[in-house]
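Since the structure comes first, as structure tokens, the remarks are kept for the end.
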Amino acid sequence: MKKIPLLLFWLSVASSLAFGQLRVERLLTENLINPLGVESAFPRLSWIMISDLRRARQTAFELRVGSDPGQLAKGKALYWGSGKTLSAASVQVPYAGPALESGKRYYWQVRIWDDGGRPSAWSVPAFWQMALLHPSDWKASWIKAGYVEDSLLRPSPLLRKSFALSQPIRSATAFISARGMYEAEINGRRVGDAFLSPGWTTYGKRIPYQVYDVTSLLKTGANAIGVTLASGWYRGYIGFSGQNNFYGKEVSLLFQLEIRFADGSSATWVSDGTWKSSTGSIRSSEIYNGESIDDRDQKPGWTQAGYDDSGWFPVQVVPAPRASLVASANEPIREHERFKPQRIWVTPKGEQVMDFGQNLVGWVIVKVNGQKGQRISLTHAEVLDKEGNFYTENLRSAKAEDTYILSGEGEEEFKPHFTFHGFRYVRVEGYPGEIKPENFTAVALYSDMPVTGTFSCSNPLINQLQHNIQWGQRGNFLDVPTDCPQRDERLGWTGDAQVFSRTATFNMGVNSFFAKWLKDIALDQLPTGSVPFVVPNVLGPFGGSTGWADVATIVPWNTYLAYGDVKVLADQYPSMKAWVDYMIKSSQHYLWNTGFHFGDWLFYSPEDDNDGRAAVTNKYLIAQCFFAHSTQILIDAAKVLGKPEDARSYVAVLDSVKDAFQKEYLTPNGALVSGTQTAYVLALQFDMMPEALRKQAAVRLYNNVKSYEDHLTTGFLGTPYLCQVLTRFGYLAEAYRLLLQDTYPSWLYPVKMGATTIWERWDGIKPDSSFETPSMNSYNHYSYGAIGDWMYRVVAGLDTYDDAPGYRHSRIMPHPADALTQAQAALETYYGKLSVNWKTEPDRLDLDVEVPANTTCSLFIPGQDPATILESGKPLAEVHEVQLKRSSEGYVELEIGSGKYHFVRMNPVAKMP
Ligand code: BGC
789 MKKIPLLLFW LSVASSLAFG QLRVERLLTE NLINPLGVES AFPRLSWIMI SDLRRARQTA
849 FELRVGSDPG QLAKGKALYW GSGKTLSAAS VQVPYAGPAL ESGKRYYWQV RIWDDGGRPS
909 AWSVPAFWQM ALLHPSDWKA SWIKAGYVED SLLRPSPLLR KSFALSQPIR SATAFISARG
969 MYEAEINGRR VGDAFLSPGW TTYGKRIPYQ VYDVTSLLKT GANAIGVTLA SGWYRGYIGF
1029 SGQNNFYGKE VSLLFQLEIR FADGSSATWV SDGTWKSSTG SIRSSEIYNG ESIDDRDQKP
1089 GWTQAGYDDS GWFPVQVVPA PRASLVASAN EPIREHERFK PQRIWVTPKG EQVMDFGQNL
1149 VGWVIVKVNG QKGQRISLTH AEVLDKEGNF YTENLRSAKA EDTYILSGEG EEEFKPHFTF
1209 HGFRYVRVEG YPGEIKPENF TAVALYSDMP VTGTFSCSNP LINQLQHNIQ WGQRGNFLDV
1269 PTDCPQRDER LGWTGDAQVF SRTATFNMGV NSFFAKWLKD IALDQLPTGS VPFVVPNVLG
1329 PFGGSTGWAD VATIVPWNTY LAYGDVKVLA DQYPSMKAWV DYMIKSSQHY LWNTGFHFGD
1389 WLFYSPEDDN DGRAAVTNKY LIAQCFFAHS TQILIDAAKV LGKPEDARSY VAVLDSVKDA
1449 FQKEYLTPNG ALVSGTQTAY VLALQFDMMP EALRKQAAVR LYNNVKSYED HLTTGFLGTP
1509 YLCQVLTRFG YLAEAYRLLL QDTYPSWLYP VKMGATTIWE RWDGIKPDSS FETPSMNSYN
1569 HYSYGAIGDW MYRVVAGLDT YDDAPGYRHS RIMPHPADAL TQAQAALETY YGKLSVNWKT
1629 EPDRLDLDVE VPANTTCSLF IPGQDPATIL ESGKPLAEVH EVQLKRSSEG YVELEIGSGK
1689 YHFVRMNPVA KMP
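Listed below in structure tokens is the structure:
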């Protein structure tokens, strides 16, 4: 062993004690923890620097990659090593080694150096496994059941295969896809823990598959694979016009199992003409209508070896689809929170109903003991009507009913597999014996995105609003961002997702979720550049609605801001450009005043509107604002991507778009042709007016809000920016008044009415407990939850600078106001935890902040005089990690680095402690 000079050794021990620990944690490959099925030739690697020093910065990193974790840890048999690289980069650093092999697993480690030149230890290894990179890697055939299907019920096909393995297994990987949905088992055990697989993409163009490590499911000797299929989004009822078979009439399976044996040899088992097919207990399954299971039709042991399938039908090999197979790159749908009934009772109509206390999306697991052939049914609903009866009219044609027929063999447990429901209440029919809460469990189902954000404050109603926003996101982020999860719709409405996208980036890690959906946006974009109303597009060749189609620019940009993900911007750039070019082509002299638009959807409009209080905003005025906004985003994206020519030419476009706006919609005195909140909000938010007219336009906006007695009147498009604009133009107190307003229309009105999610309409339930029109009245629609963005970015004050996105340079600027005495927000960024907690007392403001290592933060402390501020009890001048920048506009600006800080700002009259 090489001798380390003793002095050096003690010095390094002493320095690590004195300077604290430096570590690397949370290794991500392509934004995921140890992903299987990576398609990228240069996977992007991210890690978090952990240091208990303040102002800690990474100055260098070293990456190493190998195929054997043991060897890797010894620094041996490396596939690639970056060498010590002088760089602060720690997020999405691309692998830059030799070509990666199809299906192969790679392990990686990183170590870093801080700005004192101190190295960390090597991180614990992480890994990724490559997808099947070449079409020729697929040996499997698409297969379907070989029997004649009951064309009405379309029971779930069961497909099985037995096979023998004669050697000990070292590793095994399954690659699975379906046209339809699938659940797979090997030797009686479930493959993975995902549901509704393979998820929903624009199947006509790309079909996702998943990759599973199934080593522990296989054994030497006899083995069996069993896969259940269902109609799912592929051929089930989808859309509100009663259509099915949208992508095809038949469900089919693609299955490939690759096994490596201990002796180094390998074998592949695939779906092919030798498999067998039958049906089992799942008698029918539809997303909107629910699932029927008949336990008498179970085929016990059918996914295990030794099962006698001699009576089963052969399968048929079907032609491979033309669409490409793509490895899933976003988090799968998994089961999450569980709820027990809080109340079980009989309604005035005599129905047996239970209340799970939360409007959620998923299903109910039910345990039951009964006689063979007994039938129970569970119907799902979001609300009770005025009389307290179970209410399903707002589900429109969706039956949302699961039915179970008992085998009578002891305790049976049922849950559906290939459907989901949006519900809080469940009606139970036919249940034998007493209905006990312990036999019913509601389970929430959503894409397994990491929870990244929390917000809370001193007002419990606002905390409930935040809860509702988060549940709106959970319930509508099932592989595709949907408008609603309960009625016969549940579609990827582009406008809704656009409106909510910035808020979504706070609550959960939605980088991969949006990156996946954005690909479908680009694929489904019409040849003209127009963007469909919903994606995946199942509604036909319609699109181009302002504020909806702008999803093509807004969501990539918000994803870039939240995560610093340049690849999303680069991948989407052609789609973004095509959308802006579409608007240019559709306009005359840059005035876009043609085509169909949803407008400021669901804006305030009173029933008996004799004096014109309805907040109708000219749709083309709105279109012109979003035309400018999308063009601005395109310019910004072009700059980030190094396309100066594009940036220049679209700046000229933007000038013309604003010019046309001013000629058409703005009077010389600064009034807009629509005097609504939404008109002023959009014009101000997107800088549509000359500088000189903006202030007085903001006064008009303020006066408008006042004229509605501190109520908002905005619909989907104005709502996200209303409080932002009021704050920007000095009306913070008014923005707070809107936030705290609790009569209709307002954010807190539904909260006061008992909502546990965000409603589609401001008055989904009216003050007299009657309902809005049942044909469009969802109680789980996230759009109006877009206020969450303002709560995080303004009330608590967490933000990122656009030129150092992903919170590499964060801005913390709390906005205390009389309305609240405390607010906190925390966000797990790609660098680590960024948080703020402020509290006001009569004589002081307390401010706790935490800034992740390897980032900087501009901290704005409300106040005028730096001398009134202490950090951990010391005057600012004595805290060398804090740099005083300036004091202006009611804030003292400090530049700080990583670490935890506790600031106190004494009020002018108060004495310093
Ligand atoms: C959806 C919306 C959507 C809208 C279009 C509705 O049916 O639920 O949220 O954006 O149609 O205006």
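Residue numbers for the sequence shown follow the working numbering, beginning at 789 and rising by one.
Here a beta-carbon is modelled for each residue, glycine too, at the ideal position from N, C-alpha and C.
- In the three-state reduction of the DSSP assignment, A960 falls in the strand class, which pools E and B.
- Per the C-alpha coordinates, the member of P1533, A909, A1010 and S1563 positioned closest to Y1095 is A1010.
- Between V1322 and I1026, the CB-CB gap reaches or exceeds 8 Å.
- If you look at Q917, you'll find it in the beta strand (DSSP E) that goes A914 to M918.
- For H1417, the uninterrupted alpha helix (DSSP H) segment begins and ends at K1407 to V1428.
- Taking every protein chain shown into account, the CB of K1427 has fewer than 16 other CB atoms within 10 angstroms, so this residue is exposed.
- The alpha-carbon separation between V1058 and S1098 amounts to approximately 20 Å.
- Residue environment: H1385 is assigned as buried (16 or more neighbouring CB atoms within 10 Å of its CB, all protein chains considered).
- For the ligand BGC, no non-hydrogen atom lies closer than 7 Å to the CB of H1385.
- Shortest Cα-Cα distance from G1089 to any of L946, K1137 and F1202 involves L946.
- Here D1082 is bridged, per DSSP, to I1193.
- Closest in C-alpha terms to V1487, from the list T1502, L1520 and L1505, comes L1520.
- By the criterion of at least three beta-carbon pairs nearer than 8 Å, the region 1392 to 1402 is not in contact with the region 1430 to 1441.
- Our two residues, F1034 and P1102, have alpha carbons roughly 26 Å apart in a direct line.
- Taking 8 Å as the cut-off, the beta carbon of M1601 is found no closer than this to the beta carbon of F1559.
- The way I'd put it, the region 1064 to 1081 does touch the region 921 to 940; three or more beta-carbon pairs between them come closer than 8 Å.
- Using a cutoff of 7 Å, the CB of G904 does not count as near the ligand BGC, since none of the ligand's heavy atoms is closer than that.
- At least one heavy atom of the ligand BGC lies less than 7 Å from the C-beta of W1389.
- Out of K1365, I821, T1545 and G1024, the CA that lies nearest to the CA of D1271 is found in T1545.
- Taking all protein chains in view, the Cβ of P943 is crowded by 16 or more other Cβ atoms within 10 Å, so the residue is classified as buried.
- By the Cβ-count criterion, Q955 is exposed, with fewer than 16 other Cβ atoms from all chains shown falling within 10 Å of its own Cβ.
- Taking 4 residues as the shortest admissible run, the region 1254 to 1298 contains the following complete alpha helix (DSSP H) segments, listed from N- to C-terminal end: 1282 to 1295.
- Around the beta carbon of Q846, a 10 Å sphere encloses 16 or more other beta carbons of the protein chains shown; the residue is thus reported as buried.
- In the DSSP assignment, the residues bridged to Y894 are W916.
- Here N1457 is exposed: its Cβ has fewer than 16 other Cβ atoms, across all protein chains shown, within 10 Å.
- Counting along the chain, L1314 sits inside no alpha helix (DSSP H), nor does DSSP assign it H or E at all.
- By the 16-neighbour rule on beta-carbons within 10 angstroms, F1265 is buried.
- Considering only I1684, R1596, C1645 and H1690, the residue with the shortest C-alpha distance to V879 is R1596.
- By the Cβ criterion, the region 1244 to 1252 is not in contact with the region 1546 to 1558, since fewer than three pairs of Cβ atoms, one from each stretch, lie closer than 8 Å.
- For Q998, the three-state secondary structure derived from DSSP is strand.
- Checking the 7 Å criterion, the Cβ of M1601 is out of range of every heavy atom belonging to the ligand BGC.
- Under the rule that a run must span 3 or more residues, the beta strand (DSSP E) segments found entirely inside the region 1207 to 1251 read 1209 to 1217, 1228 to 1235 and 1241 to 1245.
- A direct Cα-to-Cα measurement between D938 and L1279 gives close to 28 Å.
- For T1561, the secondary structure class from DSSP, reduced to helix, strand or coil, is coil.
- Beta-carbon to beta-carbon, E827 and V1114 are separated by about 7 Å, close enough to satisfy the 8 Å threshold.
- Residue burial is scored here from C-beta neighbours: I821 has fewer than 16 other C-beta atoms within 10 angstroms and is therefore classed as exposed.
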